[in-house]
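K.L.:
This note's numbering puts the sequence shown at residues 1 to 99. C-beta atoms are modelled at their ideal positions from N, C-alpha and C, and glycine is treated no differently. Next up is a structure, given as structure tokens.
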Amino acid sequence: MLNCWEAEPLTRPTFQSLSDRIGSMLGEPVTKFYIDLNDPYLVMNKERIQGGQNDYLQMVSPPDFETLSSPNRPRPTLNTTRYDYIPKPSRPLFGSSKP
Numbered sequence: 001m002l003n004c005w006e007a008e009p010l011t012r013p014t015f016q017s018l019s020d021r022i023g024s025m026l027g028e029p030v031t032k033f034y035i036d037l038n039d040p041y042l043v044m045n046k047e048r049i050q051g052g053q054n055d056y057l058q059m060v061s062p063p064d065f066e067t068l069s070s071p072n073r074p075r076p077t078l079n080t081t082r083y084d085y086i087p088k089p090s091r092p093l094f095g096s097s098k099p
């Protein structure tokens, strides 16, 4: 677990590798117990999807270190400056007639 504290974030282990390591330390009965806890939610999600509701978390890619650590970084695919993507106010500020 010491490698979780690496100075370079991208050299730290992924959640999946940590999960695999901890799972192997716990043993199969304990791991199976926690996996079985998820079964009712899998059934519930399947029923919701069949009923026409979307599972929005399945539609997006999982967050990674790059996207979580740099919220104000310019997006390379957009032709913007640093704060161009911050939305404009939706109502007048301090008595101004302009939004």
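How many whole angstroms separate the CB atoms of D14 and G23, which I take to be in contact at a CB cut-off of 8 Å?
P.N.:
Rather than Asp, the amino acid found at residue 14 in this sequence is Thr. Not really, about 14 Å apart at Cβ, beyond 8 Å.
K.L.:
Since S90 is in the alpha helix (DSSP H), which residue starts that stretch and which ends it?
P.N.:
Element bounds for S90: n/a, residue is neither H nor E.
K.L.:
How is E28 classed by DSSP in three states: helix, strand or coil?
P.N.:
DSSP places E28 in helix when its eight states are reduced to three.
K.L.:
Where does Q50 sit, in a helix, a strand or coil, going by DSSP?
P.N.:
Three-state result, Q50: helix.
K.L.:
Just verifying my parser: in three-state terms, what is the DSSP assignment at V60?
P.N.:
Reduced to three states, the DSSP call for V60 is coil.
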